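A.B. asks:
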Amino acid sequence: MQGLGLVADIGATNTRLALVEPGGAVARVRVFATDESPDLGDMIESYLAAEDLSERPTAAVLAIAAPVTGDEITLTNFPWTFSIHDLRDRIGLKALRVINDFVANAYALPHLTEAERMQVGSGAPVPAAPSGVLGPGSGLGVSALVSAESGAVPIRGEGGHVTMAAADAHEAEVLDLLRRRFDHVSAERVLSGPGILNLYNALCEVAGEPQEQFTPAQITDAKTGEDHPRAREATEMFCAMLGTVAGDLALMLGARGGIYIAGGIVPRLGARFAASPFRERFEAKGRFRDYLAAVPTYVITRPYPALLGTAKLLETL
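According to our numbering, the sequence shown is numbered sequentially starting from 1466.
See the structure below:
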């Protein structure tokens, strides 16, 4: 890439926009509520106008919380639809690439420093082995990075919508209740911001207790957990179920390079996540416990890792 570049991480709740300077540095990061603009083009135009640039970006890579299967893109959990071709012309770009947001996180994995990730549990990465990444936020994103002769290649998919399985009778009771409300209880139905609410409400119903009008952030807050046992239980079940799905991902990929947790929820839990049932559940795969015990798991602590991944991809345009 020559000249100034534009990168973005576009989610159902927040959109992060930034510029990439010719040397590759990510700069002028701004975070917007996604619902504050009528469409993506308007948000980008407003951002560029506010930055008062002497030159316009010539190329862009946008990471979006949606499947990317053609020219027309529709966000999974927010009512934005746009054409890649039309957006490129509207912004006046020579090149525009749109990728799934967790593909962008996968591109970032090789470039994270030790200070930008927190290991949970044991294990050490095997060089050149596949790595997986998943992250609860407004939804549940999943991707992976595998080695090929041409270099590291991300896997595009919608793994957040696999069917959520129960690991014990109590989880089965909760999931059975949720199945009566939803036609399909995917991993995303419990491993996301709305998913935490689903877990909390279901646990209250199972216990025969009234439901408080909590936000997802309140449910996972340590102080709330001290005063409200069902909020604490919902957070614990969330971490355990995330361990189940992360372990499944590691087995399916042979991800001996490690499993990384991104998204807006888990990094805020900090040491509580490390002490949660996550790692025990990650390894709890019967005859393959020893196999998974050797696979490291990390929480990505770097802010906006998808912007790092899009900036690295931008270099290839």
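For each residue, glycine too, the CB sits at the ideal point set by N, CA and C.
Since the structure is predicted, the reported quantities are computational estimates derived from the model, not experimental observations.
Shortest alpha-carbon distance to ASP1551 belongs to which of VAL1485, ILE1538, GLN1678, LEU1513?
C.D. replies: If we check each option's Cα against that of ASP1551, ILE1538 comes out closest.
A.B. asks: Under 7 angstroms, do PRO1770 and ALA1573 count as touching if we go by C-beta distance?
C.D. replies: Contact: yes.
A.B. asks: Buried or exposed: ASP1474, going by 16 or more other Cβ atoms within 10 Å of its Cβ?
C.D. replies: Label assigned to ASP1474: buried.
A.B. asks: Could you tell me the distance, in whole angstroms, from the CA atom of ASN1479 to the CA atom of ASN1542?
C.D. replies: The alpha-carbon atoms of ASN1479 and ASN1542 are separated by roughly 12 angstroms.
A.B. asks: Taking 7 angstroms as the limit between beta carbons, can you name the residues of its chain near GLU1653, skipping five residues before and five after?
C.D. replies: These residues qualify, in order along the chain: GLY1604, LEU1605, GLY1625, HIS1626, GLY1660.
A.B. asks: Between the beta-carbon of TYR1512 and the beta-carbon of LEU1482, is there less than 7 angstroms?
C.D. replies: Yes; because the gap between Cβ atoms is below 7 angstroms, this pair is in contact.
A.B. asks: If I follow the unbroken beta strand (DSSP E) through ALA1483, where does it start and stop?
C.D. replies: ALA1483 -> beta strand (DSSP E) spans 1479-1485.
A.B. asks: Taking Cβ to Cβ, would you say LEU1561 is nearer than 7 angstroms to ALA1525?
C.D. replies: Result yes, Cβ atoms of LEU1561 and ALA1525 sit closer than 7 angstroms.
A.B. asks: Any idea what DSSP makes of GLU1670, helix, strand or coil?
C.D. replies: DSSP places GLU1670 in helix when its eight states are reduced to three.
A.B. asks: Along the chain, where does the alpha helix (DSSP H) that runs through TYR1769 open and close?
C.D. replies: Note, TYR1769: premise wrong, no alpha helix (DSSP H); not H, not E.
A.B. asks: Going by C-alpha to C-alpha distance, which of ILE1509, ILE1549, LEU1642, PHE1647 sits closest to VAL1472?
C.D. replies: Residue ILE1509 is the option with its Cα nearest to VAL1472.
A.B. asks: Can you have a look at MET1717 and say buried or exposed, based on whether 16 or more other CB atoms are within 10 angstroms of its CB?
C.D. replies: It is exposed - the Cβ of MET1717 has fewer than 16 other Cβ atoms within 10 Å.
A.B. asks: Counting along the chain, where does the alpha helix (DSSP H) carrying GLU1677 start and finish?
C.D. replies: Looking at the DSSP string, GLU1677 is not in any alpha helix (DSSP H), and its letter there is neither H nor E.
A.B. asks: Ends of the beta strand (DSSP E) at ASP1474?
C.D. replies: Per DSSP, ASP1474 belongs to the beta strand (DSSP E) from 1470-1475.
A.B. asks: Does the beta carbon of LYS1688 come closer than 7 angstroms to any beta carbon on chain D?
C.D. replies: Considering every chain present, this structure includes no chain D. It has just one protein chain.
A.B. asks: Just tell me which of THR1700, PHE1497, ASP1633 has its CA closest to the CA of ASN1666.
C.D. replies: Minimum Cα distance to ASN1666 is reached at THR1700.
A.B. asks: Report yes if the C-beta distance between ASN1570 and ARG1621 is below 7 angstroms; otherwise report no.
C.D. replies: No, Cβ-Cβ distance for ASN1570 and ARG1621 is not below 7 angstroms.
A.B. asks: For ALA1727 and VAL1760, which I take to be in contact (beta-carbon distance under 8 angstroms), what is that distance rounded to the nearest angstrom?
C.D. replies: With 8 angstroms as the limit, ALA1727 and VAL1760 do not qualify as a contact, their Cβ atoms being about 17 angstroms apart.
A.B. asks: What distance in whole Å lies between the Cβ atoms of LEU1599 and VAL1710, which are believed to be in contact at a cut-off of 8 angstroms?
C.D. replies: Yes, they are in contact, since the Cβ atoms of VAL1710 and LEU1599 sit about 7 angstroms apart, within 8 angstroms.
A.B. asks: Can you check the segment 1698-1772 for any alpha helix (DSSP H) of at least 4 residues that lies completely inside it and give the ranges in chain order?
C.D. replies: Here the runs fully enclosed are 1731-1734, 1736-1739, 1743-1748, 1754-1758.
A.B. asks: By Cβ distance, which residues of its chain are closer than 6 angstroms to CYS1669, with the 5 residues on each side in sequence left out?
C.D. replies: So the qualifying residues of the chain are GLN1676, ARG1695.
A.B. asks: Which value, in whole angstroms, describes the spacing of the CA atoms of ALA1632 and MET1706?
C.D. replies: Taking the straight line from one Cα to the other gives about 8 angstroms.
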